[in-house]
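Chains as they are written, first to last, in the numbering used here: chain A, 50 to 316; chain B, 99 to 376.
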Amino acid sequence: MKCRKYLSMIKAGIMEDMQFRGAIIMTFFGNLLYLLLAFFLWKAIFESSDSPVINGMTFSDTIIYLVFAAALFNFMEMWTVWNMGRDIQDGKIVVDLLMPCGYRRLRLFRGLGEVIVNFFTTLLPTAIIVYFISGKAIHLGLNILWFLISVFFSFFINYYIEFIVGTIIMYTESIWGIDIMKEVVVGVLSGAMIPLAFFPEGFKQIALALPFHAIIDSPMTLLLHPEYGLTDVVNILAMQVLWFVVMGILSDVFFKFSLRRITVNGG
Amino acid sequence: METSDMSMKTASKRRGLRYYFNIYFRIIAQDIKSKLSYRSDFIISLIGMILTDAVEILSFWLVFQNFPSVKGWNFYEMLFLYGFTLVASTPAQCMFDNNWNLRLVVYSGDFIKYCFRPVNLFFYFMSEIFDIKGVGKLFVGLSCIVYSWNKLALPVNFKSLVLLIFGFVFASLIVIAILNLASSACFFIMNSFFVLSLSNTLRGYARYPITIFSGALKFVFTFIAPIAFMAYYPSMAVLRPDNVPVLTWFTPVFGIVFFYISYKVWMKGALSYNGTGN
């Protein structure tokens with residue numbers, strides 16, 4: 050019974066998303082364009098260097114890292130901040146709060162359909178294309194399994210962060226401004242703009258102490274380092290689990306606390 | 099309001115620049131007033147925008163921590179290019195920001211209201227929104243330029259200042275043209291948001307010297323989607339005064355032609371608009 054309720058929400062999400070097939074195809078081409086531009090930019094950067102390996106990253110590692118980062122963000126995109134903002138601004142959140150399953154879970158399952166579509170339309174094709182273009186530079190082995198487990202946690206950590214940012218809108222009533230701040234902060238500190246390996250030591254330590262690196266840098270490190278032993282893998286995954294738990298609790302507590310002072314238009 | 103509209107209609111078909119200036123400032127004054135009544139939203143958005151630019155600069159800096167130069171370009175030259183794109187984007191951000199809403203009003207059918215005004219459709223639509231936040235871009239952009247100008251020890255003389263200002267003007271026409279073209283896609287295809295976001299991605303690459311791209315892309319970025327004129331070509335006149343590419347001197351031509359094309363496409367789309375629903 051409970052399961053069916055969620056399944057129908059996911060199904061609705063998938064159907065909604067399939068309405069915009071053109072957009073899905075274009076997102077895919079947009080990613081290809083990004084791939085192309087990033088390729089030339091980093092090629093120029095690497096050509097200006099004396100050694101082919103910089104901070105432990107080769108040119109193909111860097112490209113794989115950046116393209117996957119873009120694809121992962123596309124894959125995880127559920128527009129949580131925007132949807133929460135709209136719910137808060139037009140007051141629809143009141144109806145959803147009356148639902149028996151909790152707002153955070155509701156938002157999650159409503160977005161999950163889109164995420165599933167994204168997986169098959171962006172992440173998987175991008176992965177296949179990158180695999181062949183890079184001359185099969187991605188090692189196929191246990192690292193794929195670690196990567197997938199890691200992406201699972203990345204998804205939730207990203208979702209919880211978005212949920213926290215969405216909750217902030219209750220106080221600010223500014224959606225665009227808050228969302229753009231989140232984008233840049235997450236973009237830089239997760240490693241999506243520049244792989245964390247290129248950060249100077251001090252910056253890297255800061256980034257590693259924050260939860261954002263667990264969204265992109267952790268899964269990508271696991272994917273690109275098949276040579277990592279079990280302790281390294283467990284270390285990275287444990288860190289993700291830790292952030293998964295911490296951000297989960299934080300987002301829940303912050304939301305419940307904020308509900309007390311919510312003022313909804315027309316509510 | 100009604101009567102003044104009527105009298106305007108009968109006045110004359112072709113109106114002078116002064117008339118348009120006058121009306122423009124009246125409309126944007128209304129918009130600014132209404133924006134300022136949401137002060138916290140304005141301030142947060144402004145901070146967000148400046149933060150975005152600051153983080154972009156930080157990411158440049160991070161790259162140059164590992165590499166002293168990229169294809170003969172050092173950090174300060176790249177910073178100059180970045181500042182140039184910011185300044186060139188300011189008019190688009192301030193005055194043509196309503197393009198981002200075009201898609202929405204076209205689908206909802208509200209676009210029809212613009213068709214009934216006795217002023218130029220394009221003008222009226224754009225004048226409705228004036229995004230003061232864009233001034234933040236101008237400020238950050240100019241700071242980058244002044245700082246890198248200083249660090250590069252470029253000569254400060256009349257010639258380079260004039261070239262810089264002309265560069266800004268025509269580069270900004272390119273930025274506006276790309277925005278117009280991307281937003282007018284909504285007249286021709288459904289769910290056109292990806293076109294706008296694609297154009298934004300493209301625009302992000304205007305800050306790199308065109309020489310890093312291969313032949314085919316170089317051609318595309320110069321003649322088809324001319325982002326090379328958003329910063330690279332006009333900046334060369336100041337950055338490398340002894341080695342200015344020929345195309346730099348064609349920046350005004352590209353600016354004007356592309357702006358004109360974008361205006362025509364936009365208007366063609368708008369005039370073929372026949373509303374949604376009843």
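Quick reminder that beta carbons are idealized off the backbone N, C-alpha and C, glycines included.
Computed from a predicted structure; not experimentally measured.
When the alpha-carbon of A:L85 is set against those of A:E222, A:V235, A:S98, A:S109, the nearest one is in A:S109. Closest in C-alpha terms to B:S143, from the list A:E250, A:E222, A:I243, comes A:E222.
The Cβ neighbour count for B:P253, taken over all protein chains shown within 10 Å, is under 16; the residue is labelled exposed.
Counting only the Cα atoms, B:L337 lies some 10 Å from B:Y174. Contact annotation: A:F168 and A:F202 have beta-carbon atoms that are not nearer than 8 Å. What A:M242 touches in chain B, judged by beta-carbon distance under 7 Å, is S157, going in chain order. Look at the segment 288-312 of chain A: it has no residue with a C-beta under 9 Å from a C-beta of chain B. Beta bridge pairing from DSSP links A:I103 with A:M106. For B:V153, the closest Cβ of chain A is nearer than 8 Å. Taking a Cβ-Cβ cut-off of 9 Å, the neighbours of B:I145 in chain A comprise G226, M230, given in sequence order. Annotation: B:S135 has no Cβ neighbours in chain A at a cutoff of 8 Å; minimum Cβ distance is about 12 Å. Per the DSSP secondary-structure output, B:S167 pairs in a beta bridge with B:N172.
Note that the C-beta distance between A:T175 and A:V116 is below 8 Å. Spanning the alpha carbons of A:I94 and B:F165 requires a straight line of approximately 7 Å.
Listed in chain order, the non-local C-beta contacts of A:G105 below 7 Å within the same chain comprise A246, local neighbours out to five positions each way being set aside. A:H188: not part of any alpha helix (DSSP H); DSSP gives it neither H nor E. For the segment 86-110 of chain A, residues whose beta-carbon sits nearer than 8 Å to a beta-carbon of chain B comprise L86, F89, L90, K92, A93, I94, E96, S97, S98, I103, N104.
By the rule that beta-carbons nearer than 8 Å mark a contact, A:F248 touches chain B.
In this chain, A:H274 is not harboured by any alpha helix (DSSP H), its DSSP state being neither H nor E. Taking the CA atoms as reference points, B:V273 sits about 15 Å from B:I263. When DSSP states are grouped into helix, strand and coil, B:D195 belongs to the coil group. Distance check between B:Y180 and each of B:N196, B:V153, B:C213 places B:V153 closest, using alpha-carbon atoms only. Around the beta carbon of A:Q254, fewer than 16 other beta carbons lie within 10 angstroms, which makes this residue exposed. Residue state for B:F266 is assigned as helix, using DSSP reduced to three classes.
Contact of B:N164 with chain A by beta-carbon distance below 7 Å involves I103, N104, F247. When rounded, the separation of the alpha-carbon atoms in B:Y358 and A:F304 is 50 Å. Using a CB distance below 9 Å, the part of the segment 303-335 of chain B facing chain A consists of Y303, Y306, P307, T309, I310, F311, S312, L315, ordered along the chain. The beta carbons of B:F291 and B:I243 sit no closer together than 8 Å. Here the segment 295-315 of chain B lies against the segment 324-335 of chain B, with 3 or more beta-carbon pairs under 8 Å apart. Secondary structure note for A:V143: its alpha helix (DSSP H) is the uninterrupted segment 142-146.
Contact of A:L257 with chain B is not assigned, every C-beta pair being separated by 8 Å or more. Under the three-state reduction of DSSP output, B:I227 falls in the coil class, being neither helix nor strand. Linking B:A304 to B:D151 through their CA atoms gives a straight-line distance of about 14 Å.
Secondary structure note for B:V244: its alpha helix (DSSP H) is the uninterrupted segment 232-249. B:Y180 sits in a helix when the DSSP states are folded into three classes. In the DSSP annotation of this structure, the continuous segment of the alpha helix (DSSP H) that includes B:S333 starts and ends at 330-337.
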